[in-house]
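The structure under discussion appears below in the form of structure tokens.
There are 2 protein chains.
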Amino acid sequence: MAKKKISIKDIAKELGVSITTVSFVINGKAKEKRISDVLTLKVEEYIKEVNYKPSHLAQSLRSGKSKVIVFMVEDISNYFFSTIAKLIEEKAYVNGYKIIYCSTENKPEKAKEMIETFKNRNVDGFIITPTPDLEVTIQELLDEDFPVVLFDRWLPAVDCNYVIIENEKSAADATAYLIKTGCKYVGFVTLDSDQNQMQDRLKGYVKTMLENGFQTNILKMSYEGAISERESIEVIQKFIQTSPKLDSILFATNFLALKGLAALKQLNSQIPSDISIVTFDDHFFFNLYQPKITAIEQPLELIAEKLMEGILLQLKNDNDEAHTMKVVLPTKFHIRESTMKIEKD
Amino acid sequence: MAKKKISIKDIAKELGVSITTVSFVINGKAKEKRISDVLTLKVEEYIKEVNYKPSHLAQSLRSGKSKVIVFMVEDISNYFFSTIAKLIEEKAYVNGYKIIYCSTENKPEKAKEMIETFKNRNVDGFIITPTPDLEVTIQELLDEDFPVVLFDRWLPAVDCNYVIIENEKSAADATAYLIKTGCKYVGFVTLDSDQNQMQDRLKGYVKTMLENGFQTNILKMSYEGAISERESIEVIQKFIQTSPKLDSILFATNFLALKGLAALKQLNSQIPSDISIVTFDDHFFFNLYQPKITAIEQPLELIAEKLMEGILLQLKNDNDEAHTMKVVLPTKFHIRESTMKIEKD
DNA sequence: TTGAAAGCGGTACCAT
DNA sequence: ATGGTACCGCTTTCAA
């Protein structure tokens with residue numbers, strides 16, 4: 001019982017007018033093109049009656065614009081990314097754009113292929129957390145005048161707009177705070193990754209430790225998937241036990257912290273009396289955990305806002321000068337129970 | 001420095017052959033159409049050289065197929081949905097399909113509008129968690145022969161394939177388990193929702209309580225957004241305190257449980273000695289919480305598998321009989337510390 | 001073995 | 001004020 005899909009042609013024929021007229025009415029150019037009110041009304045009513053909707057596909061093909069923005073992140077099931085996705089979607093919607101999400105899983109091949117696919121679908125803009133090895137692809141995008149904004153991390157080799165946070169400063173502040181509470185053996189658990197947000201967090205930690213005359217204790221974890229849940233927990237446990245006995249840990253991402261908490265639980269280590277904990281990326285969870293976990297919160301709402309601002313700016317000024325918009329946002333440090341050392345005097 | 005986008009026409013002209021020939025080579029029909037090997041090779045090499053990629057847009061417009069499946073859920077930032085999204089994406093990929101996600105926020109208008117939009121983009125299939133009031137829209141989709149599979153909940157008024165879990169049985173089993181551990185005042189915290197997965201969970205709880213001669217204690221929460229975090233926690237606290245003092249609670253979704261845990265923490269109620277806890281939808285979190293929370297796990301992997309199976313089946317047999325595929329999957333009950341009442345003898 | 005040409009469903013320029 | 005028509009990039013039938 002498939003209703004035959006009705007097209008602009010059918011309408012024109014049915015109403016005995018030309019395709020052009022119908023098109024003008026559809027696109028609200030009736031006044032501008034001085035179509036008579038009578039005709040306009042007639043067309044409008046018929047369109048409503050048969051519930052005609054123009055084909056976006058054909059529109060895109062013809063106009064070269066699709067009103068779609070791609071939001072390409074490492075993993076859409078990660079709370080950080082999916083929350084920003086939702087925020088962006090709202091903002092895009094208001095401006096007449098749709099968002100398509102996708103996950104790269106941090107794989108360069110997958111990212112490249114998806115970018116290619118989306119280019120071929122006339123997507124209007126890209127918001128991307130770049131995988132490694134993506135410089136050339138992004139540069140191509142830029143050369144072809146696609147609006148692009150990177151976020152979470154960026155590519156030093158490419159002159160592309162981005163929105164990131166103060167990674168180094170945030171890590172430095174967190175480390176300094178731990179030291180202030182009396183910690184001397186601060187550990188840093190991060191990913192074995194070249195991504196510059198990770199490098200910056202590392203840098204902030206290392207610098208602060210050295211400035212205070214302490215040795216660094218660093219664990220670089222393999223990527224998820226490369227290693228099982230159980231194994232990664234064991235790795236963290238080993239790290240905690242073999243270093244000069246750690247009195248605190250700074251985790252570079254929230255899922256590392258989750259693993260760390262699982263590891264500590266199994267070891268029966270008490271937080272914060274045995275060991276203090278701070279993590280990047282706040283989460284409902286950390287405020288609910290017993291004890292509450294001190295965390296560095298990224299300003300999600302603001303990130304989303306700046307991303308859309310960056311994209312829309314480029315979208316609006318096609319042939320204008322490329323707008324430079326490299327945004328570095330501050331974070332918020334939530335001090336909670338996991339860093340409240342019991343005073344021993 | 002925008003590279004001019006090259007089209008099949010450019011290739012044909014450059015190589016001095018016809019568009020048709022190029023098209024055949026691109027689509028791997030060279031052999032079938034008996035294009036000479038020499039020509040085929042020449043075209044293939046040139047295509048590689050200029051890195052030509054056909055426009056999906058034009059292909060879709062012409063063929064009516066887009067190789068895109070929409071995954072429309074209530075909230076893509078919810079762990080349950082985003083995990084299934086990721087699983088589905090993999091499976092789709094293998095079969096040459098892309099997935100577009102979107103969130104309805106359970107709003108009928110938004111869902112309707114998005115479905116309309118996607119229809120106009122020649123999307124090939126729909127995987128949907130229906131919002132209320134979506135019967136007509138879904139029926140239209142079906143009438144127009146779009147492949148559709150519903151999940152999480154379904155619409156009794158529409159004869160549409162779906163993949164759900166044994167909601168009533170799972171709730172009944174969980175309730176029975178609580179009773180078995182000695183609970184008499186079992187509370188049930190759910191959403192004020194007509195969605196049948198919620199209704200079924202409620203039914204399972206009520207039935208089991210009545211069968212055992214106990215009174216029911218039910219709290220129907222307003223939807224997220226309609227009420228602040230703080231308010232909803234207060235509502236739960238009030239529920240716990242005013243009923244005939246509850247000795248256990250079954251939460252109908254994981255985010256309700258999270259709120260419940262926050263509420264209990266503030267009340268300083270001890271789990272499980274003061275109150276036992278069970279929740280629908282397992283999560284890494286529940287295994288990490290102190291104490292570990294007993295949970296009803298949905299078989300995410302299996303759900304994703306069945307969903308894709310259902311869609312692909314319909315996709316492959318366009319004009320064949322509509323395949324009936326209504327799948328109801330079992331859940332897994334993880335008994336953890338939150339339901340281990342200390343024996344009082 | 002290859003090519004011409006008719007569309008898919010629109011947009012918008014140029015006539016009238 | 002309204003209509004004719006070329007064209008976006010590709011697929012596919014039919015003809016040569």
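These protein sequences, in sequence, are chains L and A. Per full-length UniProt numbering, the first sequence starts with residue 1, numbered consecutively. Per full-length UniProt numbering, the second sequence starts with residue 1, numbered consecutively. All C-beta atoms in this analysis are idealised placements derived from N, C-alpha and C, irrespective of residue type, glycine included. Just so we're clear, the structure is a prediction, and the values are computed from it rather than from any experiment.
Residue span of the beta strand (DSSP E) that contains residue i, given as start and end
i: GLY204 (chain L); result: Element bounds for GLY204 (chain L): not the beta strand (DSSP E) but the alpha helix (DSSP H), 196-211.
i: GLY125 (chain A); result: 125-128
i: TYR177 (chain L); result: Taken as a continuous stretch (DSSP letters only), TYR177 (chain L) belongs to no beta strand (DSSP E), being part of the alpha helix (DSSP H) at 167-180.
i: ILE236 (chain L); result: Taken as a continuous stretch (DSSP letters only), ILE236 (chain L) belongs to no beta strand (DSSP E), being part of the alpha helix (DSSP H) at 229-242.
i: THR294 (chain A); result: 294-297
i: LYS332 (chain L); result: 332-334
i: LEU246 (chain L); result: From DSSP, LEU246 (chain L) is part of no beta strand (DSSP E); its letter is neither H nor E.
i: VAL73 (chain L); result: 68-73
i: LYS110 (chain L); result: Looking at the DSSP string, LYS110 (chain L) is not in any beta strand (DSSP E); the run it does join, the alpha helix (DSSP H), is 108-119.
i: GLY16 (chain L); result: Careful: GLY16 (chain L) lies outside any beta strand (DSSP E) and carries neither H nor E.
i: LEU150 (chain A); result: 148-151
Between the CA atoms of residue j and residue i - distance to the nearest angstrom
i: LEU134 (chain A); j: VAL148 (chain A); result: 13 angstroms
i: ALA172 (chain L); j: LEU307 (chain A); result: 47 angstroms
i: GLY204 (chain A); j: ASP282 (chain L); result: 36 angstroms
i: ILE271 (chain L); j: LYS341 (chain L); result: 9 angstroms
i: GLN290 (chain L); j: ASN268 (chain A); result: 12 angstroms
i: PHE284 (chain L); j: GLN298 (chain L); result: 13 angstroms
i: LYS65 (chain A); j: LEU57 (chain L); result: 11 angstroms
i: GLU105 (chain A); j: GLU74 (chain A); result: 5 angstroms
i: ASN319 (chain A); j: PHE146 (chain A); result: In this predicted model, ASN319 (chain A) has a pLDDT of only 48, less than 50, meaning its place in the structure is not dependable enough to derive any value.
i: TYR223 (chain L); j: ASN78 (chain L); result: 14 angstroms
i: CYS183 (chain A); j: PHE81 (chain L); result: 40 angstroms
i: LYS91 (chain L); j: GLU113 (chain A); result: 17 angstroms
i: SER273 (chain L); j: THR181 (chain L); result: 12 angstroms
i: LEU141 (chain A); j: ALA111 (chain A); result: 13 angstroms
i: LEU39 (chain A); j: ASP10 (chain A); result: 16 angstroms
i: TRP154 (chain A); j: LYS326 (chain A); result: 10 angstroms
i: PHE251 (chain A); j: ILE26 (chain L); result: 49 angstroms
i: ILE99 (chain L); j: TYR93 (chain A); result: 20 angstroms
Own chain, CB closer than 8 angstroms to residue i, minus 5 neighbours either side, in chain order
i: GLY96 (chain A); result: LYS67
i: LYS107 (chain L); result: THR131
i: THR324 (chain L); result: ASN161
i: LEU302 (chain A); result: LEU329
i: ASP194 (chain L); result: PRO132
Test item: CB-CB of residue i and residue j under 8 angstroms
i: VAL22 (chain A); j: ALA30 (chain A); result: no
i: SER60 (chain A); j: ASN120 (chain L); result: no
i: residue 347 (chain A); j: ILE88 (chain A); result: Residue 347 (chain A) lies beyond the range of chain A shown here (1 to 345); nothing can be said about it.
i: THR339 (chain L); j: LEU178 (chain L); result: yes
i: LYS259 (chain L); j: SER232 (chain L); result: yes
i: LEU261 (chain L); j: MET221 (chain L); result: no
i: ALA263 (chain L); j: ILE240 (chain L); result: yes
i: ARG336 (chain A); j: LYS292 (chain A); result: yes
i: TYR52 (chain L); j: LEU15 (chain L); result: no
i: ILE19 (chain A); j: ILE6 (chain A); result: no
i: THR288 (chain A); j: ASP124 (chain A); result: According to the sequence shown, residue 288 (chain A) is Leu rather than Thr. Their beta carbons are not under 8 angstroms apart, which means LEU288 (chain A) does not touch ASP124 (chain A) by this criterion.
i: THR253 (chain A); j: LEU191 (chain A); result: yes
i: VAL43 (chain A); j: VAL17 (chain A); result: yes
Whole-number beta carbon distance between residue j and residue i, since they are thought to touch under 8 angstroms
i: ILE115 (chain A); j: THR137 (chain A); result: 6 angstroms
i: LEU246 (chain L); j: ILE275 (chain L); result: 6 angstroms
i: SER248 (chain A); j: GLY187 (chain A); result: 7 angstroms
i: PHE151 (chain L); j: THR129 (chain L); result: 6 angstroms
i: ILE127 (chain A); j: VAL328 (chain A); result: Actually they are not in contact, since the Cβ atoms of ILE127 (chain A) and VAL328 (chain A) sit about 17 angstroms apart, beyond 8 angstroms.
Proximal residues to residue i (C-beta, below 6 angstroms), its chain only, five neighbours per side dropped
i: TYR101 (chain L); result: PHE71, ILE76, ALA85
i: ALA295 (chain A); result: THR279, ASP282, PHE286, HIS334
i: ASN167 (chain L); result: GLN197, ASP200, ARG201
i: ASN212 (chain L); result: ILE179
i: LYS33 (chain A); result: PHE24
i: GLN139 (chain L); result: VAL158
i: MET209 (chain L); result: THR216
Residue i: CB within 7 angstroms of a non-hydrogen atom of the ligand SAM
i: GLU301 (chain L); result: Here there are no bound small molecules, and the ligand SAM is not part of this structure.
Spatial neighbours of residue i in its chain, beta-carbon cut-off 7 angstroms, leaving aside the 5 residues before and after
i: VAL206 (chain L); result: THR216
i: LYS169 (chain L); result: GLY204
Bounding residues of the alpha helix (DSSP H) (the contiguous stretch that carries residue i)
i: THR21 (chain A); result: 19-26
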